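Novice: Provided herewith is a single structure, encoded as structure tokens, for subsequent inquiry.
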Amino acid sequence: MLALLFILFGALAIGCALAVVAQRNPLYSAISLIGVFISLACLYVMLAAPFIAAVQVIVYAGAIMVLVVFVIMLLNVEQEERRRTRLRFLVPTAVVLAAILIAEVAFMLVSVQDFRVIPSEGAPDIGVTHSIGPALFTHYLLPFEITSILLLMAIVGAMTLARRARLLPPNARVVPGAQQLPLSIVDPNAAPDDLRVVEADTADEAARILGIKGLRNQSRQD
Amino acid sequence: MDTAIDIALKFAAITVAFVVVLLIVAYTVLAERRILGFIQGRLGPNRVGYGGMLQPFADLLKFILKEDIVPDKSTRFVYFLAPVIATMAALMTMIVYPFGPEIRIPFTSITIPLVVARFDVALLYVLGVTSIGVYGIALAGWSSNNKYSLMGGLRSAAQMISYELALGLSLIGVIMLAGTLELGRIVELQSGWHGFRWFIFFQPLGFLIYLTAAIAETNRVPFDLPEAETELVAGFHTEYSAMKFALFFLAEYINMFTVSMLATTLFLGGWNVPFAEDIFGRGTFLFGLVSAIGFLLKVIFFLFLYIWLRGTLPRFRFDQLMNFGWKILLPLALFSIFITATLIFLFPNL
Numbered sequence: 000m001l002a003l004l005f006i007l008f009g010a011l012a013i014g015c016a017l018a019v020v021a022q023r024n025p026l027y028s029a030i031s032l033i034g035v036f037i038s039l040a041c042l043y044v045m046l047a048a049p050f051i052a053a054v055q056v057i058v059y060a061g062a063i064m065v066l067v068v069f070v071i072m073l074l075n076v077e078q079e080e081r082r083r084t085r086l087r088f089l090v091p092t093a094v095v096l097a098a099i100l101i102a103e104v105a106f107m108l109v110s111v112q113d114f115r116v117i118p119s120e121g122a123p124d125i126g127v128t129h130s131i132g133p134a135l136f137t138h139y140l141l142p143f144e145i146t147s148i149l150l151l152m153a154i155v156g157a158m159t160l161a162r163r164a165r166l167l168p169p170n171a172r173v174v175p176g177a178q179q180l181p182l183s184i185v186d187p188n189a190a191p192d193d194l195r196v197v198e199a200d201t202a203d204e205a206a207r208i209l210g211i212k213g214l215r216n217q218s219r220q221d
Numbered sequence: 000m001d002t003a004i005d006i007a008l009k010f011a012a013i014t015v016a017f018v019v020v021l022l023i024v025a026y027t028v029l030a031e032r033r034i035l036g037f038i039q040g041r042l043g044p045n046r047v048g049y050g051g052m053l054q055p056f057a058d059l060l061k062f063i064l065k066e067d068i069v070p071d072k073s074t075r076f077v078y079f080l081a082p083v084i085a086t087m088a089a090l091m092t093m094i095v096y097p098f099g100p101e102i103r104i105p106f107t108s109i110t111i112p113l114v115v116a117r118f119d120v121a122l123l124y125v126l127g128v129t130s131i132g133v134y135g136i137a138l139a140g141w142s143s144n145n146k147y148s149l150m151g152g153l154r155s156a157a158q159m160i161s162y163e164l165a166l167g168l169s170l171i172g173v174i175m176l177a178g179t180l181e182l183g184r185i186v187e188l189q190s191g192w193h194g195f196r197w198f199i200f201f202q203p204l205g206f207l208i209y210l211t212a213a214i215a216e217t218n219r220v221p222f223d224l225p226e227a228e229t230e231l232v233a234g235f236h237t238e239y240s241a242m243k244f245a246l247f248f249l250a251e252y253i254n255m256f257t258v259s260m261l262a263t264t265l266f267l268g269g270w271n272v273p274f275a276e277d278i279f280g281r282g283t284f285l286f287g288l289v290s291a292i293g294f295l296l297k298v299i300f301f302l303f304l305y306i307w308l309r310g311t312l313p314r315f316r317f318d319q320l321m322n323f324g325w326k327i328l329l330p331l332a333l334f335s336i337f338i339t340a341t342l343i344f345l346f347p348n349l
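Chains as they are written, first to last, in numbering that gives the first Met the number 0: chain D, 0 to 221; chain A, 0 to 349.
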């Protein structure tokens, strides 16, 4: 029974993984990847790790892949065309890497002689929620905290990238959170497309920092 | 041989649970139409059967017999897949809810548990399967090749991701109090004290956050931006007709039912009815019956709340919706967790 389910979900995972690579339509690839994640979650359940299985579905299938699907839908990606000429150098590399992988698997199969399905009854409470919390906050506290800081760095990096102005003049100061204002808003003599980055919230503040006396009167222009 | 019987019994239990849930859902639709009619000073459907009692079946027949129109430029496979994902994800959570305590059939020693499956991470399973349901709506919007559908799908995905956080965080307080993720155990912990041990009395803020986030998760008024008919025709299901539309409709109502059951299980004591244990005694047939009916009544109360809100509240604007989710609900949920953790730390014996 267990072996049957393992074969079913294993085959499903491999099939979906092949579909991820083979599909030309990026959305189909994304859907196949969701299939891979769900099959893996089912395998985790069979390995007596229900918590990891649930987290796998919630985080990977439920959150990350939603964002991927979201991006594909927003960008309106068309079907990928075959780009033989540009990817030519990758083919030999891929062959070498695949050979190494196959060699590794063969080595594993040969070296591990005593190779059988270990029933999941052997370790009943390793993957259970109750045993994960204490382990995470006592024995593995340092790796846990380091992972949190890693995630925090990713968030700060994303914020910095998102809020930075796109086209910067060469001598500009880059301040995270700075606002980009056209100089023509504050200086009547500036060219209309001159951009300078100033750490300011309003046009008045920008004018004070740049040392410009007269604010351009917007109503006079019309 | 025993495993085969076990599997057959599980299948039977799942079938019974699905049929009961689908029947209740069918009559929720009827109740919604009648109650909305009452709120708006009209009658609602009252012709098919006594007082409209057969209306859901008439609707179903009509859905099946209507022409199924598939848009010419749609992405076929995904277009067909989307309603299936939506309905499947909605139905899959049914198996973990305890509808009642173990019922012993009179004059025999056979006991039937009124829950299909009890396992360690039931609550996380519910959250995980619910998060899969987003794909149904998002993919439906994308594959229809219609700008209104796409807008509806995108709005829905953004809304569900945003409110999922507040929803998950509002449950943490209950998990901390119960110390388990298994729904049956959470219900058992709430028995006693004549109903004052329900977690709503320990987690009033968490309950309100859960209720709000759950309404947003199910795309109901006042959070029904994905299908705002004044802006988006019908939102993500604009291009769907006949039975495929019915599947989306069904998924929405099953989701309503699911979040109502979760609210009942986690905050309103599940199948615990005050004084039922004193009157009937634990483990008797009547006790089981009264408990199951009590569970059903609590769920029906939430369903009525949904319909009531739909009849009375206007719709949010999209920026209001996002601001409310991220700037009010999420900090409030974190605050609720903080308070709960502090209280548990100070009074560990309570």
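Glycine residues also receive a C-beta, built at the ideal position from the N, C-alpha and C atoms.
Because the structure is a prediction, the values reported are computed rather than measured.
(1) I'd like to know whether the C-beta atoms of A215(A) and Q158(A) end up nearer to each other than 9 angstroms.
(2) Residues of the stretch 126-143 of chain D in Cβ contact with chain A at a cutoff of 9 angstroms, in chain order, please.
(3) Can we say the stretch 200-208 of chain A touches the stretch 119-136 of chain A, given the rule of at least three CB pairs closer than 8 angstroms?
(4) Once DSSP output is grouped into helix, strand and coil, what is the label at R32(A)?
(5) Name, in chain order, the residues that DSSP records as bridge partners for T110(A).
(6) On the three-state DSSP scale, how would you describe L312(A)?
(7) With 16 other CB atoms within 10 Å as the buried threshold, where does E144(D) fall?
(8) Assign G172(A) to one of three DSSP states: helix, strand, or coil.
(9) Along the stretch 93-125 of chain A, what residues have a CB closer than 8 angstroms to any CB found in chain C?
(10) For the putative contact between N145(A) and T237(A), defined by C-beta atoms under 8 angstroms, what is the C-beta separation to the nearest angstrom?
(11) Determine the DSSP secondary structure at G194(A), reduced to helix, strand or coil.
(12) Would you say L180(A) and S335(A) are within 9 angstroms of each other, going by their C-beta atoms?
(13) What in chain A is Cβ-close to V65(D), meaning under 9 angstroms?
(14) Distance check for F286(A) and I104(A), CA to CA, integer angstroms please.
(15) Here's the rule I'm using: 16 or more other beta-carbon atoms within 10 Å means buried, otherwise exposed. How should Y139(D) be labelled?
(16) Below 6 angstroms CB to CB, which residues in the same chain sit around F206(A) once its five sequence neighbours on both sides are set aside?
(17) Output needed in chain order: residues of the stretch 175-209 of chain A with a Cβ under 7 angstroms from some Cβ in chain D.
(18) Which same chain residues, not among the five before or five after M64(D), have their C-beta less than 8 angstroms away from its C-beta?
(19) Can you confirm whether L329(A), when its beta carbon is compared against all beta carbons of chain D, has any partner nearer than 9 angstroms?
(20) According to the Cβ coordinates, are E163(A) and A212(A) closer than 9 angstroms?
(21) Nearest-angstrom Cα distance between I23(A) and M91(A)?
(22) Within the 9 angstroms Cβ cut-off, does L73(D) reach chain A?
(23) How about I208(A) and A332(A): do their beta carbons lie closer than 9 angstroms?
(24) Determine the chain A residues that contact I6(D) at a beta-carbon separation under 7 angstroms, and present them in chain order.
(25) Relative to the C-alpha of A137(A), which candidate in L73(D), H129(D), P91(D) and L100(D) has its C-alpha closest?
(26) With DSSP as the reference, label Y134(A) as helix, strand or coil.
(27) Assign R154(A) to one of three DSSP states: helix, strand, or coil.
(28) Is M255(A) near the ligand SAM - that is, is its Cβ less than 8 angstroms away from at least one heavy atom of it?
(29) DSSP three-state label for F337(A), please.
(30) So the alpha helix (DSSP H) M373(A) belongs to, where does it begin and stop?
(31) Compute the beta-carbon to beta-carbon distance between A116(A) and V95(A), rounded to the nearest angstrom, for a pair I have assumed lies under 8 angstroms.
(32) DSSP state of D5(A), grouped into three classes?
(33) Quick one: give me the first and last residue of the alpha helix (DSSP H) that R184(A) is part of.
(34) On the criterion of 16 or more Cβ atoms from any shown chain inside 10 Å, does S190(A) qualify as buried, or is it exposed?
(35) Roughly how many whole angstroms lie between the Cα atoms of A40(D) and R46(A)?
(36) Need the endpoints of the alpha helix (DSSP H) that T92(D) sits in, please.
Specialist: Answer, in terms of the structure:
(1) Taking 9 angstroms as the cut-off, the beta carbon of A215(A) is found closer than this to the beta carbon of Q158(A).
(2) Within the stretch 126-143 of chain D, contact with chain A at the beta-carbon level (separation under 9 angstroms) is assigned to G126, V127, T128 and H129.
(3) Under the 8 angstroms Cβ criterion, the stretch 200-208 of chain A does not count as touching the stretch 119-136 of chain A, having fewer than three qualifying pairs.
(4) In this structure, R32(A) counts as helix in the three-state DSSP scheme.
(5) Partner residues in the beta bridge of T110(A), as assigned by DSSP, are R103(A).
(6) Collapsing the DSSP output to three states places L312(A) in coil.
(7) That one is exposed.
(8) Here G172(A) carries a helix assignment [DSSP, helix/strand/coil].
(9) Any reference to chain C falls outside this structure, whose protein chains are D and A.
(10) The beta carbons of N145(A) and T237(A) sit about 6 angstroms from each other, so the pair counts as a contact at 8 angstroms.
(11) Three-state DSSP puts G194(A) in a helix.
(12) Not a contact, by the Cβ cut-off of 9 angstroms.
(13) Here the neighbours are S130, V133, Y134, A137, A156, M159 and I160.
(14) Going by C-alpha positions, I104(A) is about 12 angstroms away from F286(A).
(15) Result: exposed.
(16) Taken in chain order, the residues that qualify are I199 and F266.
(17) Going along the stretch 175-209 of chain A in chain order, one finds L180 with a Cβ nearer than 7 angstroms to chain D.
(18) Beyond the five residues adjoining it in sequence on each side, M64(D) comes within less than 8 angstroms, by CB distance, of A29, L32, I33 and F36 in the same chain, given in chain order.
(19) No, L329(A) lies away from the interface with chain D (no Cβ there is under 9 angstroms from its Cβ).
(20) The answer is yes: Cβ separation under 9 angstroms.
(21) Distance from the CA of I23(A) to the CA of M91(A), rounded to the nearest whole angstrom, comes to 16 angstroms.
(22) The beta carbon of L73(D) falls within 9 angstroms of a beta carbon belonging to chain A, placing the residue at that interface.
(23) Contact annotation: I208(A) and A332(A) have beta-carbon atoms nearer than 9 angstroms.
(24) Proximity of chain A to I6(D) at the Cβ level (cut-off 7 angstroms) is not reached, the minimal Cβ distance being about 17 angstroms.
(25) With distances taken between Cα atoms, A137(A) lies closest to L73(D).
(26) Correct three-state label for Y134(A): helix.
(27) In the three-state scheme derived from DSSP, where H, G and I count as helix and E and B as strand, R154(A) is classed as helix.
(28) Looking at this structure, you won't find the ligand SAM or any other ligand, since it has none at all.
(29) Annotated three-state conformation of F337(A) is helix, per DSSP.
(30) In the structure as shown, chain A begins at 0 and stops at 349. Residue 373(A) is therefore absent and cannot be evaluated.
(31) Indeed, because the Cβ distance is near 6 angstroms, the residues count as touching under 8 angstroms.
(32) In this structure, D5(A) counts as helix in the three-state DSSP scheme.
(33) Residues L182 to L188.
(34) S190(A) comes out buried.
(35) If you take the alpha carbons of A40(D) and R46(A), they lie about 49 angstroms apart.
(36) For T92(D), the uninterrupted alpha helix (DSSP H) run begins and ends at L89 to S110, by DSSP.
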